[in-house]
Structures are given as C-alpha cells and as structure tokens.
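Asks: Numbering (our numbering), first residue to last: 43 to 295. Beta carbons are placed, not taken as given, at the ideal position from N, Cα and C, and that holds for glycine.
And the structure:
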C-alpha cells in the first residue's frame, strides 16, 4: 500500500512530503490487480488526474473512484474494502487505532490544499464581499437579503449547499459556525445536494441564490458564477496555502 501511494504521489506535479520522498518510486506497470479509491468528492477531480498519469505510466488494472464522506471511506479502508482514501482531513485517533488493530495502519500523505467557497450567480450585482458574520446570517436566520444589509434587495435568500454529511459542508460549518451544523441545516428554504453539478446549475441561473462549493470546482466553472470574498480575502492558492482564507483545508491520500 505504501508503494502504491508513493507511485500516485510521484505522478503529481505537487511537492511531496518527507515520507513520500523517502520511499523509492516503482514502475506502475508492476502493480497487479485493481485499485478501489473512496473519499471526499472535492478531491475526485484531482484523483482522476492522478489516475490518468498512473495509467499512462503503465498500470493495467481497473481503478475505480467512489465518492463518500471521509468518515465512511476510513471505515471501508479499515475493513479492507478500499485501497486508498482521498480525504480532506487527517484520520482521527479512533480511525487510526481501528485501522491499526485490523492490520491496516494508514500511511498519510498531504497532496494538495483547497477551500470551501461561497458562490453566487454572476447575475448578482451586490454581493462581492462578505464578513464572516454576514455569511453566518446569509446561511442562517436571515430570510431576505436586506435582513443582512439594508441596501441589498428585499428578496428571499435561496440557499444551496452540499449534502449535510459531505466534507465540504462540514468544513463550512466548522469555519463559520464553530461546528454547529444546526443553523445552516434549519435555515429557511435551504436545499442540499449530493451532485455538485446540480448545485452549480441552481446557482448560475438565480441572482438571489447563494451556495457553497469546493473552491477548486468553483474556479473551474467560473463563467456563470462568482466567488464571494470573505473578509476581503479570495480563496487563491497563496491565501489557501497560508491559511489566510478562513475556509482553507488540506487534502490527503
């Protein structure tokens, strides 16, 4: 498993950890059998790029990616169902202990950084920047936009979020509400999505919609939506890497 992870990491144009650098690379063509990967949907596009490089370098087995929460994926990894977990957090102490007791001690490698972005339609002319307090209200008790800022329209706030057990939602709730998910979960009219494409589609056509998306996904689809600055900070690569942006997160294999 450690060698397989190292091959994956060496195929990426990203800095490697000391652990990854200390393990010599091997030829992907000598890896026998299929590989099943599971975890955060926010990391799936990056994982697919890694798979493309893995296959190009000679891997011949089937490589399947399944999206689920990091917690679900860790359970499946410990039980032997998954070969690799792509995660937006480190394994918990309990998860590590469970895997070790099953003879599957996890080898963790940081591979990228991303963030959760607050997103609106390009048809929204008034929301360019928001404070964290305003974000709390927009995804919580406020009913119409003018409840948050009197100069904003007296139109209902149409909230669109990733599903409640997704890693993206958890990161958002941790950063904005201190981990209290009840406020965004019970906000009037909030809709929750498993499919990021469906969430994006809902945002782009509604000037009074607001939502959350992985910043990497939002940046790839920036044509019809706009990322809102938080405290005048955009989720750029530098701001995410430095944790200056408030909803930054690290990705791991």
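What are the start and end residues of each continuous beta strand (DSSP E) run of 3 or more residues lying completely inside the stretch 73 to 110, in chain order?
Replies: Segments of the beta strand (DSSP E) lying fully in the stretch 73 to 110: 77 to 81 and 105 to 109.
Asks: Go through its chain and collect everything with a Cβ distance to residue 129's Cβ below 8 Å, but skip five positions before and after it.
Replies: Locating residue 129 in the chain shown gives position 87, counting from the first residue. Contacts found: 81, 82, 85, 112, 115, 116, 209, 293, 294 and 295.
Asks: Could you check which residue in 105, 254 and 189 has the C-alpha nearest to that of residue 217?
Replies: As a working mapping, residue 217 is identified with position 175 in the chain shown. Nearest option by C-alpha distance: 254.
Asks: Short check: CB of residue 190 to CB of residue 184, under 7 Å?
Replies: Here residue 190 refers to the residue found at position 148 of the chain shown. Here residue 184 refers to the residue found at position 142 of the chain shown. Closer than 7 Å, so yes.
Asks: DSSP state of residue 262, grouped into three classes?
Replies: For the purposes of this step, residue 262 is taken as the residue at position 220 of the chain shown. Looking at residue 262 - three-state DSSP - the assignment turns out to be helix.
Asks: Quick check: what's the CA-CA separation for residue 197 versus residue 243?
Replies: Locating residue 197 in the chain shown gives position 155, counting from the first residue. Locating residue 243 in the chain shown gives position 201, counting from the first residue. Rounded to whole angstroms, residue 197 to residue 243 spans 20 Å at the Cα level.
Asks: Mind checking who residue 156 pairs with in its DSSP beta bridge?
Replies: Against the chain shown, residue 156 aligns to sequence position 114. Residue 156 is bridged to 291.
Asks: To the nearest angstrom, report how far apart residue 367 and residue 206 are at their CA atoms.
Replies: Outside the shown range of the chain, which is 43 to 295, sits residue 367, and nothing can be said about it.
Asks: Quick check on DSSP: helix, strand or coil for residue 172?
Replies: Taking the first residue of the chain shown as 1, we reach residue 172 at position 130. Strand, per DSSP.
Asks: May I ask you to report which of helix, strand or coil DSSP gives residue 233?
Replies: In the chain shown, counting from the first residue as 1, residue 233 sits at position 191. Strand.
Asks: Have a look at residue 290 and residue 277 and give me their C-alpha separation to the nearest angstrom.
Replies: Counting from one through the chain shown, the residue named residue 290 turns up at place 248. Counting from one through the chain shown, the residue named residue 277 turns up at place 235. Using only the alpha carbons, I get a separation of about 8 Å.
Asks: Report the rounded CA-to-CA distance for residue 70 versus residue 79, giving the unit in angstroms.
Replies: Counted from its first residue, the chain shown places residue 70 at position 28. Counted from its first residue, the chain shown places residue 79 at position 37. Between residue 70 and residue 79, the C-alpha separation is close to 16 Å.
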